[in-house]
């Protein structure tokens, strides 16, 4: 009987949370077809009540034309503990590769991104690292639609996007589905190089147990900065 009880599927548990997510995402072109991508993210519980994670990501982008970019790089995450009384952050190291395609359907701008991440996550026990790492390979597909509402380009546009994240590896036994991120909000240009989007993002994430889920109601504010490093051409006498 005890064995039979152990095989009974556990009832699905969904933990509802409110979070705030702020980031700066940059691309700096240093040559006609090459750039540096770098971004910083801070995700907080409630309205900046306590930290959830910090993330830094950098990479090199090959940009063959205005529609396509191919990027590879490294990211580091500091993940705050969720257990009561714990204070030690868990480290996560990532390598990532991505391809991004920007197109238009009528007046609607469509952004598609396919990203592959190799993730090494620190395992924690009793508020300290165990010395063991959890490895997973995660694939992410994002589709984002920017829909103009006003004829004046300085006015905000409507943004609707969805990103599905699935993962593989011997550690991902019960949760090949990692999470889904649905975003609805506005996008607005501040200057020709700087823009932002602001709105609501629903993050639905399955935990490693397989039967526990987080439903994060997220207030999201992302800034985007695209710049060029100009080279002065030498003067010939």
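In the working numbering, the protein residues as written are 296 to 532.
Heads up, the beta-carbon is just placed ideally off N, CA and C, and yes, glycines get one too.
Buried versus exposed call for residue i [16 or more other C-beta atoms within 10 Å across all chains shown]
i: residue 385; result: buried
i: residue 517; result: buried
i: residue 532; result: Caution is warranted here: a pLDDT of 47 is assigned to residue 532, below 50, making its placement in the model unreliable, and the coordinate value is therefore given only provisionally. Looking at its Cβ environment, which holds fewer than 16 other Cβ atoms inside 10 Å, residue 532 is exposed.
i: residue 296; result: Note that residue 296 scores 46 on pLDDT, short of 50, meaning its location in the model is unreliable and no value can be drawn from it.
i: residue 343; result: exposed
i: residue 358; result: buried
i: residue 528; result: Caution is warranted here: a pLDDT of 46 is assigned to residue 528, below 50, making its placement in the model unreliable, and no coordinate value can be reported.
i: residue 473; result: buried
i: residue 299; result: Below a pLDDT of 50, predicted positions are generally treated as unreliable, and residue 299, at 44, falls in that range; the measurement from the model is reported next regardless. Label assigned to residue 299: exposed.
i: residue 498; result: buried
Beta-carbon separation (whole angstroms), residue i vs residue j, contact threshold 8 Å
i: residue 307; j: residue 503; result: Between residue 503 and residue 307 the Cβ distance is about 15 Å, and since that is not below 8 Å, they are no contact.
i: residue 412; j: residue 433; result: 5 Å
i: residue 334; j: residue 323; result: Contact doesn't hold; Cβ gap of about 12 Å is too wide.
i: residue 435; j: residue 453; result: Not confirmed; about 23 Å, so no contact.
Nearest-angstrom Cα separation, counted from residue j out to residue i
i: residue 350; j: residue 372; result: 4 Å
i: residue 387; j: residue 352; result: 12 Å
i: residue 336; j: residue 400; result: 30 Å
i: residue 394; j: residue 513; result: 26 Å
i: residue 457; j: residue 403; result: 16 Å
i: residue 347; j: residue 416; result: 15 Å
i: residue 480; j: residue 312; result: 19 Å
i: residue 464; j: residue 445; result: 46 Å
i: residue 470; j: residue 500; result: 9 Å
Residue i - partner residues in DSSP beta bridges
i: residue 417; result: 428
i: residue 326; result: 329
i: residue 373; result: 349, 386
i: residue 343; result: Paired residue(s): none; residue 343 is not in a bridge.
i: residue 438; result: 407, 457
i: residue 337; result: 317, 349
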